[in-house]
Amino acid sequence: MSYIIETFNLTKKYPQIKSYHEIIVHPFQKREITALDGINIRVKRGEVFGLLGPNGAGKTTLIKTLCTLLLPNEGTALVNGFDIVKEEQEVKRSIGYVVNDERSFYWRLTGKQNLEFFAILNNLSPNRAKRRIEEVLRLVGLETNGDKRVKDYSTGMKQKLAIARGMLSDPEVLFLDEPTRSLDPMIASSLREFIRRSIVEEGGKTVFLSTHNLAEAEDLCDRLTIINRGKIKACGTLEEMKALLDKRKRYLIELEKPAQGFIEGLKGVFPFDVREALPGGGIAIEVTVDERWKVSQVIEAIVRHGGKVVACSLMGRTLEEIFSRVTSHRDSGEGVEGERG
Amino acid sequence: MLYHLRKPLAFVVRDFGDAASYKLSFLMQFAGIFFSILTFFFLSRLFRGVVVPYLQPYGGDYFSFVLIGIAFSGYIGVAQHSIAGTISSAQEMGTLEALMVTQTGIPTILFSSSLSSFVWTTIRVLVYLILGVAVFGLDMGGANIPAAVLILMLSITSLGGFGIISASFIMAFKKGDPLGWVFSGLSGFLGGVIYPIEVFPGWLQKCSYLLPITHSLKGMRLALLQGYSTEALLPYILALMLFTAIMLPLSLFLFQKAVKRAKMDGSLTQY
């Protein structure tokens, strides 16, 4: 298996600013906050890998560390086979970083002038730079706006220009830090389509993106990692994560109109929730089964109490449920990991 | 050769494109130069017809003396503040991260970022000299231009070392640059910008030789106003070479350390 990104116990701690009192009383005591705590992930070539987490989870820290903008305290990572600490220049040659800050451009210059400047800094020859700038502007749909000053761009256009800048050197892997954060839903959707179709499927690039938008992660990513408080909480495809979490499966069982006292009688046998009333007086109940109560035993019990089962279906978990579950165990360290990375 | 200059030139084109887009400010700077010369022209009338012994080594004319001092002292400010200023402005604007993730090394980014300030200062110096000669009667008939250019180059490299150390402070501590504060203050006071260092007592004169600006201004005045030969200017040239040889590698080393520290504590783009 060819991995384009591999991290090995990547740990990042930030020093905390001490108060004057602490400086005087404990001058040599260090105060640190752990932003990344022994991160191990693997990203395959040509996939969209999503980093999902709430604000302050460590997403941006991980991306910046992989882009050589931060140095890890412990562990390391390989990007395109190059060590982020020892082979910084080689890593930079392999990556494009879409900076999540619309101020990262020179607003008084045109979009094209900005790209020309960054193309030179990325060692593109004049001819290649000219050709590549036209290509990337066309790729992001800004070919008619290249000569406008950046100050006259909309937020969406600036985000597209940032992607164009990230793609200038035709990198193997593109890092995007919350690329649709400040975009309206329509533009966000078209940007997601663009990332999937133009960058990954047509361009064959690997995309590593962070987001806290669950729908975006579900829609766009081949595989996901959920990170919270600097720790990986879950990793794998959405299906893998669901399977790993669903050791306790939930079933939706539809019943014909039950007799008087049926529900109360059944409540004493196994736990369930009445979900909805069905046409014709029937009901649907949600049952969580585990080693103690298998689904066959549940159905047997229903039938024994005089109930008639019309349908029984396994309920899938949404990403929102998975996210909520793995991030709610804030301090327990509980996580769900599939295949490493 | 031209290929290697592409990156520095790209910074210059970027900065001039940006500066020229603020048209009023761009034009006002030239007006500022004219009024600055005018002030010193009338100030020099105070000394007209008076023989000032301290000015004799430089030709005796205060206007010529102070014009060179004011014109070239701009380099002190640029060397001291432009690199640090570029770094902190890129941090504030949000462009530093985008720059640091490119395939260009930190020394090139540093050098190139401040280049346009040096180019701009050189244009200002030329305007000062042209106005001085054409309007106010500055006499540079016998000037040793090649030696003056050499001294200028060495002044930039030696003063740049101090500027990079200032930038290291900004990178590491964000605000507060004790070295820059001390260096700028001492250079203005001891460097001989608006009065010759010969007015100082002996021990203070010796102190002034610890600053590159003293050698730079003295050499520049002797080259431009007195037309000294390159051999005669050798003590100043060698002193500036020594400052460059010590300060440039030291400052680059310190800046690399400051960047490493900023990458460790996550403050690379904070200000």
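Protein chains in written order, with the numbering used here: chain F, 1 to 341; chain P, 342 to 612. Glycine included, C-beta positions come from ideal geometry on N, C-alpha and C.
Check your understanding: Going along chain P, which residues have a C-beta under 7 Å from N123 of chain F?
Key -> The sequence position of residue 123 of chain F within the first sequence is 123, counting from 1. The contacting residues are Q444.
Check your understanding: With a Cβ-Cβ cutoff of 8 Å, do K249 of chain F and V326 of chain F count as a contact?
Key -> Taking the first sequence and counting its residues from 1, the one referred to as residue 249 of chain F is at position 249. Taking the first sequence and counting its residues from 1, the one referred to as residue 326 of chain F is at position 326. Their beta carbons are not under 8 Å apart, which means K249 of chain F does not touch V326 of chain F by this criterion.
Practice item. Put P179 of chain F into one of helix, strand or coil per three-state DSSP. Key: By one-based count along the first sequence, residue 179 of chain F stands at place 179. In the structure shown, P179 of chain F sits in coil (DSSP, three-state: anything other than H, G, I, E or B).
Review point. To which residues does DSSP link G236 of chain F through a beta bridge?
Key: By 1-based counting over the first sequence, the position of residue 236 of chain F is 236. According to DSSP, G236 of chain F bridges with F:L224.
Check your understanding: Hey, would you say V43 of chain F sits closer than 8 Å to I5 of chain F, going by beta carbons?
Key -> Working through the first sequence from its first residue, we reach residue 43 of chain F at position 43. Working through the first sequence from its first residue, we reach residue 5 of chain F at position 5. In contact: V43 of chain F and I5 of chain F (Cβ atoms closer than 8 Å).
Check your understanding: For A277 of chain F, does the three-state DSSP call read helix, strand or coil?
Key -> Locating residue 277 of chain F in the first sequence gives position 277, where the first residue counts as 1. Shown here, A277 of chain F sits in a strand according to DSSP, grouped into three states.
Exercise for review: Would you please verify whether the beta carbon of R386 of chain P is less than 8 Å from any beta carbon of chain F?
Suggested key: The residue given as residue 386 of chain P occupies position 45 in the second sequence. For R386 of chain P, the answer is no, since every Cβ of chain F falls outside 8 Å of its Cβ.
Exercise for review: Give the DSSP bridge partners of I587 of chain P, in chain order.
Suggested key: The residue you call residue 587 of chain P lines up with position 246 of the second sequence. I587 of chain P pairs with nothing; no bridge assigned.
Exercise for review: With a 10 Å radius around its C-beta and 16 neighbouring C-beta atoms as the bar for buried, classify R165 of chain F as buried or exposed.
Suggested key: Numbered from 1 along the first sequence, position 165 holds the residue referred to as residue 165 of chain F. Under a 10 Å Cβ-count criterion, R165 of chain F is classified as buried, with 16 or more other Cβ atoms of the shown protein chains found around its own Cβ.
**Study point:** V99 of chain F: contacting residues in chain P (beta-carbon distance under 7 Å)
**Key:** The residue you call residue 99 of chain F lines up with position 99 of the first sequence. Taking the beta carbon of V99 of chain F as reference, the chain P residues within 7 Å of it are E438, A439, listed in sequence order.
Check your understanding: Just the Cα atoms here: how many angstroms apart are D331 of chain F and G53 of chain F?
Key -> For the purposes of this step, residue 331 of chain F is taken as residue 331 along the first sequence, with counting starting at 1. For the purposes of this step, residue 53 of chain F is taken as residue 53 along the first sequence, with counting starting at 1. Residue placement at D331 of chain F cannot be trusted, given a pLDDT of 43 that sits under 50; what the coordinates show is reported in the next sentence. Approximately 15 Å between the Cα atoms of the pair.
Review point. Are the C-beta atoms of D359 of chain P and some chain F residue less than 8 Å apart?
Key: Locating residue 359 of chain P in the second sequence gives position 18, counting from the first residue. Among the CB atoms of chain F, one or more fall inside 8 Å of the CB of D359 of chain P.
Practice item. Determine the burial state of V540 of chain P: buried for a count of at least 16 other Cβ atoms within 10 Å of its Cβ, exposed for fewer. Key: Start at 1 with the first residue of the second sequence, and residue 540 of chain P comes out as number 199. Counting the other CB atoms within 10 Å of its CB gives V540 of chain P a total below 16, which places it among the exposed residues.
Exercise for review: Identify whether N40 of chain F lies in helix, strand or coil by the three-state DSSP scheme.
Suggested key: On the first sequence, position 40 is the one that residue 40 of chain F refers to. Three-state result, N40 of chain F: coil.
**Study point:** Same chain only: Cβ atoms within 8 Å of P487 of chain P, ignoring 5 sequence neighbours per side
**Key:** Counting from 1 along the second sequence, the entry for residue 487 of chain P is found at position 146. In chain order, T571 place their CB closer than 8 Å to the CB of P487 of chain P, counting only its own chain and leaving out the 5 sequence neighbours on each side.
Exercise for review: On a CA-only basis, which of F:F175, F:S169, F:L168, F:G156 is nearest L191 of chain F? Give me that one, please.
Suggested key: Within the first sequence, numbered from 1, the residue matching residue 191 of chain F stands at position 191. Out of F:F175, F:S169, F:L168, F:G156, the CA that lies nearest to the CA of L191 of chain F is found in F:G156.
Point to revise | chain F contact for R562 of chain P (CB, 8 Å cutoff) | key: Residue numbering aside, residue 562 of chain P sits at position 221 when the second sequence is read from its first letter. Not one chain F Cβ lies under 8 Å of R562 of chain P.
Practice item. Taking 8 Å as the threshold, find out whether the segment 526-537 of chain P comes into contact with the segment 435-446 of chain P through three or more Cβ pairs. Key: Taking 8 Å as the limit for Cβ pairs, the verdict is that the segment 435-446 of chain P does not touch the segment 526-537 of chain P.
Check your understanding: Would you say M605 of chain P reaches chain F, if we count a Cβ-Cβ gap shorter than 8 Å as a contact?
Key -> Numbered from its first residue, the second sequence carries residue 605 of chain P at position 264. Yes, M605 of chain P counts as interfacial toward chain F.
Review point. Apart from the five residues just before and just after L491 of chain P, which ones in its own chain have a Cβ nearer than 7 Å to its Cβ?
Key: Numbered from 1 along the second sequence, position 150 holds the residue referred to as residue 491 of chain P. Scanning its chain for C-beta atoms nearer than 7 Å, with the 5 sequence neighbours on each side dropped, one finds around L491 of chain P the residues I578, in chain order.
Exercise for review: State the CB to CB distance for the pair L252 of chain F and R275 of chain F, rounded to an integer number of angstroms; the pair is presumed to be in contact (CB under 8 Å).
Suggested key: Here the question's residue 252 of chain F lines up with position 252 in the first sequence. Here the question's residue 275 of chain F lines up with position 275 in the first sequence. Right, their Cβ atoms sit about 7 Å apart.
Practice item. For S104 of chain F, go through chain P and note every residue whose CB falls closer than 7 Å to its CB, in chain order. Key: Translated into the one-based positions of the first sequence, residue 104 of chain F becomes position 104. Ordered by position in chain P, the residues that pass the 7 Å Cβ test against S104 of chain F are G435, T436, E438, A439.
Check your understanding: With a cut-off of 8 Å, does the C-beta of K515 of chain P fall near any C-beta of chain F?
Key -> By 1-based counting over the second sequence, the position of residue 515 of chain P is 174. Not an interface residue.
**Study point:** Boundaries of the beta strand (DSSP E) in which M481 of chain P is found, first to last residue
**Key:** As a working mapping, residue 481 of chain P is identified with position 140 in the second sequence. That residue, M481 of chain P, is in no beta strand (DSSP E); it is neither H nor E in DSSP.
Check your understanding: Under three-state DSSP, which class holds K160 of chain F?
Key -> Within the first sequence, residue 160 of chain F is the residue found at index 160, counting from 1. Looking at K160 of chain F - three-state DSSP - the assignment turns out to be helix.
Practice item. Enumerate in chain order the residues of its own chain whose CB-to-CB distance from A277 of chain F is below 7 Å, with the five nearest sequence positions on each side excluded. Key: Along the first sequence, one-based indexing puts residue 277 of chain F at 277. Correct list, in chain order: I283.
Review point. Is V173 of chain F buried or exposed, if buried means 16 or more other CB atoms sit within 10 Å of its CB?
Key: Here residue 173 of chain F refers to the residue found at position 173 when the first sequence is read from its first residue. Buried: at least 16 other Cβ atoms inside 10 Å.
Exercise for review: Compare the C-beta of Q89 of chain F with all C-beta atoms of chain P and state if any pair is closer than 8 Å.
Suggested key: In the first sequence, counting from the first residue as 1, residue 89 of chain F sits at position 89. By this cut-off, Q89 of chain F is an interface position.
Review point. Using Cβ-Cβ distances below 7 Å, what residues of the segment 110-144 of chain F are close to chain P?
Key: Along the segment 110-144 of chain F, the positions whose C-beta sits under 7 Å from a C-beta of chain P are Q113, F117, F118, I120, L121, N122, N123, read in chain order.
Review point. If we ignore side chains and look at the alpha-carbon of each, how far apart do F584 of chain P and F371 of chain P end up?
Key: Taking the first residue of the second sequence as 1, we reach residue 584 of chain P at position 243. Taking the first residue of the second sequence as 1, we reach residue 371 of chain P at position 30. For F584 of chain P and F371 of chain P, the distance between alpha carbons rounds to 32 Å.
Exercise for review: Name, please, each residue of chain P whose Cβ falls closer than 9 Å to the Cβ of R344 of chain F.
Suggested key: Because chain F here runs from 1 to 341, residue 344 of chain F falls outside it and cannot be looked at.
Point to revise | Selection of the segment 218-243 of chain F by Cβ proximity to chain P, strictly under 9 Å | key: When C-beta distances to chain P are compared with 9 Å, every residue of the segment 218-243 of chain F stays at or above that value.
Review point. Between the C-alpha atoms of Y416 of chain P and K547 of chain P, what's the straight-line distance to the nearest angstrom?
Key: In the second sequence, residue 416 of chain P corresponds to position 75, counting from 1. In the second sequence, residue 547 of chain P corresponds to position 206, counting from 1. Y416 of chain P and K547 of chain P: Cα-Cα distance of roughly 22 Å.
**Study point:** Beta-carbon gap between F20 of chain F and D606 of chain P smaller than 8 Å
**Key:** Residue mapping note: residue 20 of chain F aligns to position 20 of the first sequence, counting from 1. Residue mapping note: residue 606 of chain P aligns to position 265 of the second sequence, counting from 1. For clarity, residue 20 of chain F is Tyr in the given sequence; the question names Phe instead. Their beta carbons are not under 8 Å apart, which means Y20 of chain F does not touch D606 of chain P by this criterion.
Review point. Roughly how far, in whole angstroms, is the beta-carbon of E47 of chain F from the beta-carbon of R223 of chain F, given that I think they are within contact range, below 8 Å?
Key: Position 47 of the first sequence, counted from the start, is the residue given in the question as residue 47 of chain F. Position 223 of the first sequence, counted from the start, is the residue given in the question as residue 223 of chain F. At roughly 6 Å, the Cβ-Cβ gap stays under 8 Å, so E47 of chain F and R223 of chain F are in contact.
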